[in-house]
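Protein chains in written order, with the numbering used here: chain A, 39 to 365; chain B, 2 to 254.
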Amino acid sequence: MKLPISKPYLMSGVLLLLLVWPFLWGGDNAYALYIACLIGIYTILCLGLNITIGYTGLLDLGFMAFYAIGAYTAAILSIHGVSFWLTLPVCVLVGGGVRYLLGLPVLKLRGDYLAIVTLAFGEIVRLVANNTVGLTNGPKGLPRVGEKISEIRLFGWSLNDTIHFYYLILAFVLLAVLVSHRLEHSRLGRAFVAIREDELAAELSGIHVARVKSVAFVISGMFGALAGAIYAHWIGFVSPEMFTFWESVFLVAMIVVGGMGNIGGVVLGVILLVGVPEILRSTLGAKFVDYRMLVFGVVMVAVIIFRPQGLIPSKRRSLELHTPEAE
Amino acid sequence: MPGELLAIRDATKYFGGLEAVSGVTLQVADGEVLGLIGPNGAGKSTLFNLITGVYAPDRGEVRFKNRKISGCKPHQVVAAGIARTFQNIRLFANMTALENVMIGRHVRTRSELAEALLRTPGFKQEEKAIQDYARSVLDLVGLLKAGNDLVKNLAYGDQRRIEIARALATEPSLLLLDEPTAGMNPTESAEVMGLMGVIKRKGIAIIVIEHQMDVVMNISDRVAVLDYGKKICEGSPFEVQKDPKVIEAYLGA
Numbered sequence: 039m040k041l042p043i044s045k046p047y048l049m050s051g052v053l054l055l056l057l058v059w060p061f062l063w064g065g066d067n068a069y070a071l072y073i074a075c076l077i078g079i080y081t082i083l084c085l086g087l088n089i090t091i092g093y094t095g096l097l098d099l100g101f102m103a104f105y106a107i108g109a110y111t112a113a114i115l116s117i118h119g120v121s122f123w124l125t126l127p128v129c130v131l132v133g134g135g136v137r138y139l140l141g142l143p144v145l146k147l148r149g150d151y152l153a154i155v156t157l158a159f160g161e162i163v164r165l166v167a168n169n170t171v172g173l174t175n176g177p178k179g180l181p182r183v184g185e186k187i188s189e190i191r192l193f194g195w196s197l198n199d200t201i202h203f204y205y206l207i208l209a210f211v212l213l214a215v216l217v218s219h220r221l222e223h224s225r226l227g228r229a230f231v232a233i234r235e236d237e238l239a240a241e242l243s244g245i246h247v248a249r250v251k252s253v254a255f256v257i258s259g260m261f262g263a264l265a266g267a268i269y270a271h272w273i274g275f276v277s278p279e280m281f282t283f284w285e286s287v288f289l290v291a292m293i294v295v296g297g298m299g300n301i302g303g304v305v306l307g308v309i310l311l312v313g314v315p316e317i318l319r320s321t322l323g324a325k326f327v328d329y330r331m332l333v334f335g336v337v338m339v340a341v342i343i344f345r346p347q348g349l350i351p352s353k354r355r356s357l358e359l360h361t362p363e364a365e
Numbered sequence: 002m003p004g005e006l007l008a009i010r011d012a013t014k015y016f017g018g019l020e021a022v023s024g025v026t027l028q029v030a031d032g033e034v035l036g037l038i039g040p041n042g043a044g045k046s047t048l049f050n051l052i053t054g055v056y057a058p059d060r061g062e063v064r065f066k067n068r069k070i071s072g073c074k075p076h077q078v079v080a081a082g083i084a085r086t087f088q089n090i091r092l093f094a095n096m097t098a099l100e101n102v103m104i105g106r107h108v109r110t111r112s113e114l115a116e117a118l119l120r121t122p123g124f125k126q127e128e129k130a131i132q133d134y135a136r137s138v139l140d141l142v143g144l145l146k147a148g149n150d151l152v153k154n155l156a157y158g159d160q161r162r163i164e165i166a167r168a169l170a171t172e173p174s175l176l177l178l179d180e181p182t183a184g185m186n187p188t189e190s191a192e193v194m195g196l197m198g199v200i201k202r203k204g205i206a207i208i209v210i211e212h213q214m215d216v217v218m219n220i221s222d223r224v225a226v227l228d229y230g231k232k233i234c235e236g237s238p239f240e241v242q243k244d245p246k247v248i249e250a251y252l253g254a
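Written out as C-alpha cells, the structure reads:
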C-alpha cells in the first residue's frame, strides 16, 4: 500500500490529532474520552499479546490472566497506600515473573496444546481471584467498602479526571508502540519471527529457541500487567468478571482482524473492535441496539473471508542491498 | 587422524524397534568433502540429525574439533561450527531473503533486549555488521538482487541457495547439505556444484547427501555408503563405484 504522504508526516499528524483529541468534543466529551481511554488500554494489551501471537506465533488464549494480575496487584498495593509510580514497576515485574514461571512448563508445548494450556491458566487466575476472598474480596471485587484505590499523583497534581487519564494512557500507548517497533527491528525480533515461521529451522540456524520464546512470553506478560495496573487506577475497581475467557478471545480477534505482527494493524483492530460496537450502541437507536453484536459478528466473518491476513497485513522491511565493495 | 574435524564413533539410533542408524563410525577431515549416499531410508538424514543435535544417539558419540557434541542442543552445535540445510527446504517463508540470511548471524552476535530497546551505539554497529555480512553471503550465492523479496516468492532453485547462504552466515567449519540438488534441472544442479566448489575453497568441510551420482562423484574427496543404517563402504569415488556391496544395495541384486 502506497501512502499519499511520507511516514514521518503521517505519524506527526496522528500524534497531533491524539493530543488535541479531547478538545475536539467541546463540553460534552466524557463519553468520547472514555472510549478513547478504553481503546488505549486495549492497545497496550494487544501490542503485548501481538509479541507472542503476531511475532513469535505462540497462540495464547488466556492473556487476560496477566491483565488481571496487573490490575489486582495494583489494586491491593494502592489500597495500602503505595504510590502509583512504585506500584506500576512492581505490577510489571509480578506480571513478567508469573509469565516466566508459566512459560517454564508451557512453552515446551506447541500450537493447539499451548492454546489450551494458556486458556486453562486464564481461567485459573479468574477462579483464584473469585475464591481467595481474603486477598481479592472474591466476586465483590476490590476495593472493599470503606477502602479506596489511591489517586495517582504527578508533580503535586492529582489525576482524577478522565482527561488526565487520557494523557497518561496515551503516554503509555506511545511507549508500547516504541517498544514494539524497536523490538521488531532487532536481532531478537527477527528471532521471534524466525521461530514463528519454522521453529526447527530457527533452532538449527543457531537460535536458542527455548530462551527466545521465554523472552517474548515474558515481555508480553509485562505489557498485560502494565495495562491492568493503569486500568485499575483509572476505573478504581477490579472484579473477577472483567477477566473472562471471552475477553481473552476478544483480544486475539482484534489482532487477527487488524493484522497479526503489524503494529498499525493491531491498533486498527483495537479501534474497530472496541470502538465500533460503542459507536453502534450510540447510533443504531434503541430498537437496534440488541443487534449490534450481530452486525459485529458479520463484520468479523467478512474480514476473515475476504482478508484473512488482516486489514493491515504484516510486512517485512526492505533493506539496503548494495555491498560497499560493489559500488 | 591428522586435521580431524568430525569423528562419529559407533553412532546408533533406534526408532522403536527399527535401528535407523546402526553403529556408524565416520571421520571428516578439515576442508574435506564427504559424499554420503545410500538408498532411500538408509539413515542418511537421521545421521545428519544425530550430528546436529536434533536427536541424541542411543549409543556411541559424535565429536567435533575434539569436543563431544552429541547430547548438545542444536543451537549449541551451530555455535560450535556445524551448519546444515534440509531435505525439504525449511526457510522462514514470510521473511525476506536477506533477513533469512541475517538469522544465520544470530549465533555470532549478542545484542539483547536492553540494547534493542535503547538503540545503543553498540546495537546499531552490530545491526550494520549483521546486514553487511548477510549481504556479502547473499552476493556469494548470487542472489543479492533478490535480497528484499520474500523467500516464499523465490524460485525453487533460489530457495535452495538461500538455505545454503543462511547456513554459511553462521560461519561453519562443517556444512551438512541434505540433497542440495533434489528436484533441480541439470543447469541448476551445475550451479549448486559450482557453489559447493566455492565453499570448499573457503576451507569449509562439507558432508553432502546426494542422489545424483555425477554430482557426488565429481565433488567428493571421499564417499561413504549407508544401507539399512549401516556403513557398508567408504573410499574414493572410484573405489565406491566398483564395490559389489554398493552395486547390490542400489540394484538389489
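By construction, the Cβ of each residue, glycine as well, lies at the ideal position given by its N, Cα and C atoms. Computed from a predicted structure; not experimentally measured.
Between residue i and the rest of its own chain, which residues show a CB-CB distance below 7 Å, the 5 nearest in sequence each way excluded?
| i | result |
| --- | --- |
| Leu208/A | Leu56 and Gly78 |
| Val132/A | Ile107, Thr111 and Ala263 |
| Gly179/A | Phe275, Val276 and Ser277 |
| Glu237/A | Val247 |
| Glu316/A | Ile73 |
Among the options, which has the Cα closest to the Cα of residue i?
| i | options | result |
| --- | --- | --- |
| Val22/B | Ile104/B, Gly4/B, Leu141/B and Glu62/B | Glu62/B |
| Arg109/B | Arg225/A, Met292/A and Gly149/A | Arg225/A |
| Leu192/A | Ser121/A, Pro315/A, Leu97/A and Leu48/A | Ser121/A |
| Met260/A | Gly244/A, Leu87/A, Val312/A and Leu311/A | Leu87/A |
| Ala170/B | Lys186/A, Ser243/A and Leu115/A | Ser243/A |
| Arg85/B | Phe93/B, Ala191/B and Pro75/B | Pro75/B |
| Ala43/B | Asp228/B, Thr53/B, Asn67/B and Phe124/B | Asp228/B |
| Leu96/A | Lys146/A, Arg164/A and Tyr47/A | Lys146/A |
| Ala168/B | Lys246/B, Ile200/B and Leu51/B | Ile200/B |
| Met331/A | Ala340/A, Leu318/A and Val341/A | Leu318/A |
| Phe93/B | Gly297/A, Ala340/A and Val231/A | Val231/A |
| Val314/A | Met49/A, Leu48/A and Leu76/A | Leu76/A |
| Gln160/B | Ala117/B, Asp222/B, Ser174/B and Asn95/B | Asn95/B |
| Leu118/B | Gly160/A, Gly227/A, Ile342/A and Pro346/A | Gly227/A |
| Gly253/B | Leu27/B, Pro40/B and Glu5/B | Pro40/B |
| Ala291/A | Leu216/A, Ile273/A and Ala340/A | Ala340/A |
| Leu7/B | Lys69/B, Ile38/B and Ala57/B | Lys69/B |
Can you pull the chain A neighbours of residue i, defined as C-beta to C-beta under 7 Å?
| i | result |
| --- | --- |
| Ser46/B | By Cβ distance, chain A contributes nothing, its closest Cβ being about 13 Å from Ser46/B, past 7 Å. |
| Glu100/B | Arg228 and Arg354 |
| Val120/B | Reading off the sequence shown, one finds Arg at residue 120/B, where the question assumed Val. Here the neighbours are Arg220. |
| Ile9/B | What Ile9/B touches in chain A: nothing, since even the nearest Cβ is about 18 Å away. |
| Val108/B | Gly244 |
Got a sec, what are the start and stop residues for the beta strand (DSSP E) residue i sits in?
| i | result |
| --- | --- |
| Ser23/B | Leu19 to Ala30 |
| Lys232/B | Lys231 to Gly236 |
| Leu6/B | Glu5 to Phe16 |
| Val209/B | Ala206 to Ile210 |
| Ala225/B | Arg223 to Asp228 |
| Leu35/B | Val34 to Ile38 |
| Ala84/B | Ile83 to Arg85 |
Name the chain A residues whose beta carbon is nearer than 9 Å to that of residue i?
| i | result |
| --- | --- |
| Gly105/B | Ser243 and Gly244 |
| Ser71/B | Per Cβ cutoff of 9 Å: no residues; Ser71/B is ~15 Å from chain A at best. |
| Asn154/B | Neighbours of Asn154/B on chain A: none; closest Cβ ~11 Å, over 9 Å. |
| Asn149/B | Arg354, Arg355, Ser356, Leu357 and Leu359 |
Quick one: list the residues of chain B neighbouring residue i, beta-carbon separation under 7 Å, in chain order.
| i | result |
| --- | --- |
| Leu145/A | Per Cβ cutoff of 7 Å: no residues; Leu145/A is ~15 Å from chain B at best. |
| Glu235/A | Phe93, Ala94, Asn95 and Met96 |
| Ala158/A | In chain order: nothing, as chain B lies at least about 28 Å away. |
At what residues does the alpha helix (DSSP H) containing residue i begin and finish?
| i | result |
| --- | --- |
| Asp59/B | No alpha helix (DSSP H) contains Asp59/B, which DSSP labels as neither H nor E. |
| Leu78/A | The sequence given here places Gly at residue 78/A; Leu does not occur at that position. Element bounds for Gly78/A: Ala68 to Asn88. |
| Ser356/A | Ser356/A -> no alpha helix (DSSP H), and no H or E assigned at all. |
| Trp195/A | Careful: Trp195/A lies outside any alpha helix (DSSP H), inside the beta strand (DSSP E) at Trp195 to Leu197. |
| Asp150/A | Gly149 to Asn169 |
| Leu96/A | Run containing Leu96/A: none; DSSP gives neither H nor E here. |
| Asp159/B | Tyr157 to Leu169 |
Which residues in the same chain as residue i place their Cβ atom closer than 8 Å to its Cβ, once the five residues preceding and following it in sequence are excluded?
| i | result |
| --- | --- |
| Phe87/B | Glu164 and Asp179 |
| His223/A | Arg355 |
| Tyr15/B | Ala21 and Asp59 |
Tell me which residues share the same chain as residue i and place their Cβ nearer than 6 Å to its Cβ, disregarding the 5 neighbours each side in the sequence.
| i | result |
| --- | --- |
| Met218/B | Pro238 |
| Thr81/A | Val211, Val305 and Val308 |
| Glu20/B | Gly230 |
Which residues in chain B sit within 9 Å of residue i, going by Cβ to Cβ distance?
| i | result |
| --- | --- |
| Asp253/A | The amino acid occupying residue 253/A in the given sequence is Val; Asp does not appear at that position. Under the 9 Å cutoff, chain B gives Glu113 and Leu114. |
Determine contact between the segment 277-297 of chain A and the segment 98-115 of chain A, defined as no fewer than three beta-carbon pairs at a distance below 8 Å. yes
The segment 141-151 of chain B in contact with the segment 91-103 of chain B per 3-pair CB rule at 8 Å: yes
Contact between the segment 209-222 of chain B and the segment 168-184 of chain B is defined here as three or more beta-carbon pairs at a separation below 8 Å; is this criterion met? yes
Within 8 Å, do at least three Cβ pairs link the segment 181-189 of chain A to the segment 45-61 of chain A? no
Does the count of Cβ pairs from the segment 248-256 of chain A and the segment 149-158 of chain A closer than 8 Å reach three? no
Closer than 8 Å is the cut-off here; do at least three beta carbon pairs connect the segment 30-50 of chain B with the segment 124-140 of chain B? no
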